[in-house]
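Residues in the sequence shown are numbered consecutively from 8, following this note's numbering. Every residue, glycine too, gets a C-beta built ideally from N, C-alpha and C. Working notes for the structure below.
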Amino acid sequence: GSMSHFVDAAVTGTINQIVDEVNALAFNFGNERAFHDGIAAMLDGLKLEYTREVAIDKQNRFDFVVSFDQLRSSGIVIEAKIKGPFGAALQQCSRYCALDGVAAVILLATPAWIRQVNVPDLVHSSGKPMRIVHARRAAF
Numbered sequence: 008g009s010m011s012h013f014v015d016a017a018v019t020g021t022i023n024q025i026v027d028e029v030n031a032l033a034f035n036f037g038n039e040r041a042f043h044d045g046i047a048a049m050l051d052g053l054k055l056e057y058t059r060e061v062a063i064d065k066q067n068r069f070d071f072v073v074s075f076d077q078l079r080s081s082g083i084v085i086e087a088k089i090k091g092p093f094g095a096a097l098q099q100c101s102r103y104c105a106l107d108g109v110a111a112v113i114l115l116a117t118p119a120w121i122r123q124v125n126v127p128d129l130v131h132s133s134g135k136p137m138r139i140v141h142a143r144r145a146a147f
């Protein structure tokens, strides 16, 4: 509707909270499971409500969906990437943004390309925010 380009302050606030926290932390991403567990622990620490591994249909499975309101009518999708090309990740995020029930998408990526791409805060054509964040590796 006419509200499609209005981004809720609650959404923006939650996105910023998550992004700030990712920037403050270092993650173990020896494998995808470990990385996911680290993200879950981070979200727990932020006291955010979320669901892991949300299958929408055959094509779309969200790694995490964070609720930012009591209605849970839509959520912020977090996509975690430890491998694969940037273009594919970006395409996937764009596809997610186009779906109903998705308020925003945050891509947490660890591959080397994330350091090469200087990604501003993107806004998808749907008017939904898309953020790309470099997750740092924990030193052992």
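Go ahead and pull the three-state DSSP assignment for residue i.
| i | result |
| --- | --- |
| PHE36 | coil |
| ASP51 | helix |
| ALA111 | strand |
| GLY134 | coil |
| ILE139 | strand |
| ILE83 | strand |
What number of angstroms, rounded off, separates the C-alpha of residue i from the C-alpha of residue j?
| i | j | result |
| --- | --- | --- |
| ILE63 | PHE69 | 8 Å |
| ARG122 | LYS65 | 31 Å |
| ALA145 | SER81 | 32 Å |
| VAL130 | GLY37 | 31 Å |
| LEU115 | LEU50 | 13 Å |
| ALA87 | GLY20 | 20 Å |
| VAL18 | ALA47 | 19 Å |
| ILE89 | ALA16 | 30 Å |
| ALA119 | MET137 | 20 Å |
| TYR57 | ILE85 | 10 Å |
| GLU39 | SER74 | 22 Å |
| ILE83 | ASP44 | 18 Å |
| ILE22 | ALA96 | 19 Å |
Taking the DSSP output, what are the residues bridged to residue i?
| i | result |
| --- | --- |
| ILE46 | None; ILE46 has no bridge partner. |
| THR58 | VAL72 |
| LYS88 | ALA116 |
| ARG144 | PHE34 |
Can you list, in chain order, the residues of its chain whose CB lies under 8 Å from that of residue i, leaving out five sequence neighbours each side?
| i | result |
| --- | --- |
| LYS135 | VAL14, CYS104, VAL109, ALA110, ALA111, VAL112 |
| ASN67 | ARG102, TYR103, LEU106 |
Using C-beta distances below 7 Å, list every residue in its chain close to residue i, excluding the 5 sequence neighbours before and after it, in chain order.
| i | result |
| --- | --- |
| LEU32 | MET49 |
| GLN24 | LEU53 |
Assuming residue i contacts residue j under a Cβ cut-off of 8 Å, what Cβ separation, rounded to an integer in Å, is found between them?
| i | j | result |
| --- | --- | --- |
| PHE42 | ARG59 | Contact doesn't hold; Cβ gap of about 12 Å is too wide. |
| VAL4 | ALA142 | Missing from the structure shown is residue 4; the chain here goes from 8 to 147 and no further. |
Output needed for residue i: all residues of its chain with C-beta closer than 6 Å, excluding positions within five of it in sequence on either side, in chain order.
| i | result |
| --- | --- |
| VAL140 | VAL26, VAL29, LEU115 |
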